[in-house]
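Under the working numbering, the first residue of the sequence shown carries the number 387, and numbering increases by one thereafter.
Where is the CB? At the ideal position from N, CA and C, for every residue including glycine.
These notes are about the structure you will find just below.
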Amino acid sequence: MTTVMSRSEREEFLAEPRVGVIAIQRDEKGPLTVPVWYWYDPGGELWFETQPDSLKGRLLKIGTRISLCVQCENPPYAYVSVEGPIVDIGTDDREQHEIPMATRYLGEPKGREYIESLPLHEWKRYVLRTENWLSMNGSRD
Numbered sequence: 387m388t389t390v391m392s393r394s395e396r397e398e399f400l401a402e403p404r405v406g407v408i409a410i411q412r413d414e415k416g417p418l419t420v421p422v423w424y425w426y427d428p429g430g431e432l433w434f435e436t437q438p439d440s441l442k443g444r445l446l447k448i449g450t451r452i453s454l455c456v457q458c459e460n461p462p463y464a465y466v467s468v469e470g471p472i473v474d475i476g477t478d479d480r481e482q483h484e485i486p487m488a489t490r491y492l493g494e495p496k497g498r499e500y501i502e503s504l505p506l507h508e509w510k511r512y513v514l515r516t517e518n519w520l521s522m523n524g525s526r527d
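In structure tokens form, the structure reads like this:
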């Protein structure tokens with residue numbers, strides 16, 4: 387039996403609120419590899435937020451190819467890894483993006499409290515088109 391997930395299985399896995407780790411190529415160094423909160427709806431594009439003046443934000447441009455990996459670190463082990471280009475860098479809205487993202491990961495009211503506790507900074511939404519997928523579901527051994 388194969389351990390590779392079907393399209394619907396991998397999309398459902400990716401849509402769960404997991405911390406993703408992105409890898410962004412850098413000149414003369416290894417890839418920048420950092421954790422991110424992200425949003426994905428099956429069949430759609432994946433997005434995450436960051437400050438454009440952060441190291442991550444400075445490396446990300448339209449067309450930059452990145453990888454993102456999410457996993458289940460408890461048995462049975464599973465992961466989904468996606469790769470593709472950044473296709474949009476958009477304005478980030480506190481009510482439409484920041485609060486929903488924080489409540490996705492922290493729940494209500496902690497998500498709202500977290501966002502309200504942050505100093506105001508410029509944030510951008512980075513949209514990744516998921517072109518290439520790798521997956522493994524260890525419950526199928």
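- R444 places its beta carbon 9 Å or farther from that of Q411.
- With a beta-carbon spacing of about 23 Å, D478 and E469 fall beyond the 8 Å limit used to define contacts.
- In terms of Cα proximity to T436, the closest of A488, V390, G430 is A488.
- Between L454 and A409, the C-beta spacing is below 9 Å.
- Given a length threshold of 3 residues, each whole run of the beta strand (DSSP E) inside the region 425-504 is given here in chain order: 432-436, 451-458, 464-477.
- By the Cβ-count criterion, R393 is exposed, with fewer than 16 other Cβ atoms from all chains shown falling within 10 Å of its own Cβ.
- Residue pairing from DSSP places K510 in a beta bridge opposite T436, T477.
- Secondary structure note for S394: it is in no beta strand (DSSP E), and the uninterrupted alpha helix (DSSP H) holding it is 393-401.
- Only residues of its own chain outside the window of five on either side were considered, and among them E431, G470, P471, V473 have a CB closer than 7 Å to the CB of R515, listed in chain order.
- Close CB contacts of D427 within its chain, under the 7 Å cut and outside five residues either way in sequence, are with A401 (chain order).
- Boundaries for T389: no beta strand (DSSP E) harbours it, and the DSSP string shows neither H nor E there.
- Approximately 6 Å separates the beta-carbon atoms of L492 and Y500; this is inside 8 Å, confirming the contact.
- Just measuring C-alpha positions, the residue of W509, T419, W519 sitting nearest D439 is W509.
- The C-beta of S467 has 16 or more other C-beta atoms within 10 Å across all chains shown, which makes the residue buried.
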